[in-house]
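Report on the following structure.
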Amino acid sequence: GGGFGTKGGVWPHTMMAAMAARVVNRPVKLALMRQHMVTTTGHRPATEQTMRLGADASGDISAMRHDVLTDSNELSRFFETCAFASKIMYDVPNFGMEHAVVNVNIGAPTYMRAPGEAPGMFALEVALDELAYALKMDPIALRLKNYAEQDPQKKIPWSSKQLRQCYARGAELIGWTNRQAEPRMTRQGNYLIGYGCASATYPANRRAAGARVRLYPDGRAIAASGGNDIGTGAYTVFRQVTADALGLPIDKVLFELGDTAFPEAPVAGGSWLTASIAPAAAEASELALQAIGTLAVADAKSPLKGRNLAELGFGDGRVFLKDNPKVGETLAAVVKRTGKPYVEACARADTMAAARDNAGLKQSQKPPCVLVEPESETDRDEDKYAFHSFGAQFCKVRVDPELGTVRVLDWASVVDAGTILNPKTARNQIMGGVGFGIGMAMSEETAYDPRDGRPVARNLADYHFAANADVSPIQVEFVNIADPHINRLGVRGIGEIGICGVPAAIANAVFNATGKRLRDLPLTPDKVMG
Numbered sequence: 298g299g300g301f302g303t304k305g306g307v308w309p310h311t312m313m314a315a316m317a318a319r320v321v322n323r324p325v326k327l328a329l330m331r332q333h334m335v336t337t338t339g340h341r342p343a344t345e346q347t348m349r350l351g352a353d354a355s356g357d358i359s360a361m362r363h364d365v366l367t368d369s370n371e372l373s374r375f376f377e378t379c380a381f382a383s384k385i386m387y388d389v390p391n392f393g394m395e396h397a398v399v400n401v402n403i404g405a406p407t408y409m410r411a412p413g414e415a416p417g418m419f420a421l422e423v424a425l426d427e428l429a430y431a432l433k434m435d436p437i438a439l440r441l442k443n444y445a446e447q448d449p450q451k452k453i454p455w456s457s458k459q460l461r462q463c464y465a466r467g468a469e470l471i472g473w474t475n476r477q478a479e480p481r482m483t484r485q486g487n488y489l490i491g492y493g494c495a496s497a498t499y500p501a502n503r504r505a506a507g508a509r510v511r512l513y514p515d516g517r518a519i520a521a522s523g524g525n526d527i528g529t530g531a532y533t534v535f536r537q538v539t540a541d542a543l544g545l546p547i548d549k550v551l552f553e554l555g556d557t558a559f560p561e562a563p564v565a566g567g568s569w570l571t572a573s574i575a576p577a578a579a580e581a582s583e584l585a586l587q588a589i590g591t592l593a594v595a596d597a598k599s600p601l602k603g604r605n606l607a608e609l610g611f612g613d614g615r616v617f618l619k620d621n622p623k624v625g626e627t628l629a630a631v632v633k634r635t636g637k638p639y640v641e642a643c644a645r646a647d648t649m650a651a652a653r654d655n656a657g658l659k660q661s662q663k664p665p666c667v668l669v670e671p672e673s674e675t676d677r678d679e680d681k682y683a684f685h686s687f688g689a690q691f692c693k694v695r696v697d698p699e700l701g702t703v704r705v706l707d708w709a710s711v712v713d714a715g716t717i718l719n720p721k722t723a724r725n726q727i728m729g730g731v732g733f734g735i736g737m738a739m740s741e742e743t744a745y746d747p748r749d750g751r752p753v754a755r756n757l758a759d760y761h762f763a764a765n766a767d768v769s770p771i772q773v774e775f776v777n778i779a780d781p782h783i784n785r786l787g788v789r790g791i792g793e794i795g796i797c798g799v800p801a802a803i804a805n806a807v808f809n810a811t812g813k814r815l816r817d818l819p820l821t822p823d824k825v826m827g
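Numbering (the numbering used here), first residue to last: 298 to 827.
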């Protein structure tokens, strides 16, 4: 599941359904047909990108310019910020970019998975591969030669960056040593074999988010946040985070999402949901335990009566003395003696600094579960660190020189996205992104009827997205090193970085196989044969 951009906003039909419901005073459901989805809920706009690179014979890139022309229409202000990845990806002292928009009479464009970075990194990473071949350098060596140790534009350090490890491990997984520098040198029967690579990056976004944790007298915990799960596993991840923070078995914890009665949180999108809500859930859990500790040391019936909070430890559903864990009681027992239905705590995670400020307020200083807004935005760390996730994409392709068909045989993605909270759901996200990118590279295209500006293909039968049969085995690994500056858990989002660099890696592999440099997506047989 996912939103992929088009589900992130409000389209006219959404408001029409609400208006109709008010007119008839009954629930109204408005279902769009496939042809309506194609025409009225956005698309990724087309781009024409021009890359200029200047480098010496050793591979030092001294200048880069990335110009972008993209389409839009009179009703939309959205455009693809394709050059944003180029300005931070490599250590280039002289960089320039320009984005231009031309309005055309077609449906309004909108966000689509990794807007800006997905199409922009195709141009950037194909250009890097072209430069490497012209210099007779290994493509990975060229990237390492121009590795950005800090944000080259802001001149501030990365919050965390492990891209070197991604290159090394990805090359190992794909068998990069088998790659021949010259095209058309590797065959498998009548087929041509090629290897390609590309870098990947996506901003490590986060948004202010709140979470609430309630501890019940039966030993359960129910946490809640106003965010939503669109099929990416948010329920599972936030439940895990809460259970870990509370020291409870996961079957004793429930996490609820998607209600305006819950603490405010962002919608799922922009790869920010996990990095925003998970720290808030951990913070709220910690505050709930502090509330339990405060109740216990003040309760004459508690074995912890009169102790200091600093002496207490929490785990396995209990509060106890750190120096003598046998002295203590269950969290449920403390809650039960209050005579209340639950003990609750709330937290807001904005940045690490804002979370610390909020946690420093005693619960008695604020109404129950009313989150305190930061007094200003000056405690944000964006002026101290550059927050990005990074990765490396590697593939092996097979090209039929007689038919022009391209088949991806193997794939390796290695991603640096901070702490990985759930390896299974994280792997699922990257695999989905790679599959998305394979479709973008190989077959997905929208042609418009010049008479009325409508898409020619108006159903999923005519729009050729990548199915399981089109996707090779995908190896996914994570560096899994916490980002110490982004939030208390060191976690960054991964919903969109999986697609970044995928089309470029395939195009570079096709060049390695055939010697034909293709710069126009999708890489259909007519282009391969042309």
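Heads up, the beta-carbon is just placed ideally off N, CA and C, and yes, glycines get one too. Since the structure is predicted, the reported quantities are computational estimates derived from the model, not experimental observations.
Hey, is the stretch 734-753 in contact with the stretch 710-726, meaning 3+ C-beta pairs nearer than 8 Å? Proximity of the stretch 734-753 to the stretch 710-726 falls short of the contact definition, fewer than three beta-carbon pairs being nearer than 8 Å.
Under 9 Å, do alanine 802 and glycine 417 count as touching if we go by C-beta distance? No.
Buried or exposed: threonine 539, going by 16 or more other Cβ atoms within 10 Å of its Cβ? Per the 10 Å Cβ criterion, buried.
For serine 522: DSSP bridge partner residues: Serine 522 is bridged to Leu554.
Which residues in the same chain have their Cβ closer than 8 Å to the Cβ of alanine 754, if we skip the five residues on either side of it in sequence? A distance below 8 Å between beta-carbons, with the five flanking residues on each side excluded, links alanine 754 to the following residues of its chain, in chain order: Val335, Thr743, Ala744 and Tyr760.
Report the start-end ranges of each alpha helix (DSSP H) in the stretch 439-501 that is 4 residues or longer and not cut off at the edges. For the stretch 439-501, whole alpha helix (DSSP H) runs of length 4 or above, ordered along the chain, are 460-471.
Go ahead and label isoleucine 547 buried or exposed: buried means 16 or more other beta carbons lie within 10 angstroms of its beta carbon, across all protein chains shown. Answer is exposed; the Cβ neighbour count stays below 16.
Report the residue from Pro406, Thr635 and Gly614 whose alpha carbon sits nearest the alpha carbon of lysine 598. Checked all of Pro406, Thr635 and Gly614; the closest Cα to lysine 598 is Thr635.
Using the C-alpha atoms, what's the distance from aspartate 364 back to proline 560? CA-to-CA, the gap between proline 560 and aspartate 364 works out to about 42 Å.
Measuring CA to CA, which of Arg751, His685 and Val705 is closest to glycine 736? If we check each option's Cα against that of glycine 736, Val705 comes out closest.
Bridge partners for valine 640 per DSSP, in chain order? Leu512, per the DSSP bridge assignment.
Please give me, in chain order, every unbroken run of the alpha helix (DSSP H) with length at least 4 that falls completely inside the stretch 378-409. Positions of the alpha helix (DSSP H) runs, each at least 4 residues long and wholly inside the stretch 378-409, are given as 383-386 in order along the chain.
Which partner residues of glutamine 346 appear in the DSSP bridge assignment? Paired residue(s): Val365.
Using only the alpha-carbon positions, how far apart do alanine 578 and proline 563 sit? Inter-residue distance for alanine 578 and proline 563 is about 14 Å (C-alpha atoms, whole angstroms).
DSSP on alanine 431, reduced to helix/strand/coil? It is helical.
So, for arginine 816: in the same chain, excluding its five sequence neighbours on each side, which residues have a beta-carbon less than 7 Å away from its beta-carbon? So the qualifying residues of the chain are Val423.
So for tyrosine 745, helix, strand or coil by DSSP? Here DSSP, grouped into helix, strand and coil, assigns tyrosine 745 to strand.
How far does the alpha helix (DSSP H) with arginine 615 in it reach, from first residue to last? Unbroken run through arginine 615 is the beta strand (DSSP E), 615-618; no alpha helix (DSSP H).
For the alpha helix (DSSP H) containing leucine 706, list its first residue and its last residue. For leucine 706, no alpha helix (DSSP H) run applies; the uninterrupted beta strand (DSSP E) run containing it begins and ends at 703-713, by DSSP.
Less than 9 Å separating the beta-carbons of threonine 378 and alanine 343? The Cβ-Cβ distance between threonine 378 and alanine 343 does not fall below 9 Å.
Considering just the uninterrupted stretch of the alpha helix (DSSP H) at serine 573, what are its terminal residues? That run of the alpha helix (DSSP H) goes 570-594.
Quick check on DSSP: helix, strand or coil for valine 752? At residue 752 the sequence reads proline, which differs from the valine that was named. Proline 752 falls in the strand class under three-state DSSP.
Go through its chain and collect everything with a Cβ distance to arginine 517's Cβ below 6 Å, but skip five positions before and after it. Around arginine 517, the same chain offers Lys549 as residues with beta carbons nearer than 6 Å, after the five sequence neighbours per side are excluded.
Buried or exposed: where does asparagine 809 fall if 16 or more other Cβ atoms within 10 Å of its Cβ makes it buried? Asparagine 809 is buried by the Cβ-count criterion.
Put threonine 635 into one of helix, strand or coil per three-state DSSP. Of the three classes helix, strand and coil, the one that applies to threonine 635 here is helix, per DSSP.
Straight-line Cα distance separating asparagine 400 from proline 747: Cα-Cα distance, rounded: 15 Å.
Nonlocal neighbours in the same chain, by C-beta distance under 7 Å from aspartate 448, ignoring five residues either side: Contacts found: Ile385, Trp455 and Ala683.
Contacts around aspartate 620, its chain only, beta-carbon distance under 8 Å, and the 5 residues preceding and following it disregarded: In the same chain as aspartate 620, and ignoring 5 residues on each side of it, the C-beta atoms closer than 8 Å to its own belong to Glu608, in chain order.
For the stretch 564-571 against the stretch 484-498, do three or more pairs of beta-carbon atoms, one drawn from each stretch, fall closer than 8 Å, so that the two count as touching? No, because fewer than three Cβ pairs between the stretch 564-571 and the stretch 484-498 fall closer than 8 Å, the two stretches do not touch.
Can you list, in chain order, the residues of its chain with a C-beta nearer than 8 Å to that of leucine 329? Leave out the 5 residues immediately preceding and following it. Listed in chain order, the non-local C-beta contacts of leucine 329 below 8 Å within the same chain comprise His310, Thr337 and Thr338, local neighbours out to five positions each way being set aside.
Output yes or no for whether 9 Å exceeds the beta carbon distance between valine 788 and alanine 779. Taking 9 Å as the Cβ cut-off, valine 788 and alanine 779 qualify as a contacting pair.
If we count Cβ pairs, one from each stretch, closer than 8 Å, do we get three or more for the stretch 772-786 versus the stretch 455-467? Result yes; three or more Cβ-Cβ pairs closer than 8 Å.
Alpha-carbon spacing of lysine 659 relative to alanine 644, whole angstroms: Low confidence applies here, because lysine 659 scores a pLDDT of 41, under 50, leaving its location unreliable; read the following figure in that light. Those two C-alpha atoms are separated by around 12 Å.
Buried or exposed: glycine 612, going by 16 or more other Cβ atoms within 10 Å of its Cβ? Exposed.
So what's lysine 681 in DSSP terms, helix, strand or just coil? In the structure shown, lysine 681 adopts coil according to DSSP, grouped into three states.
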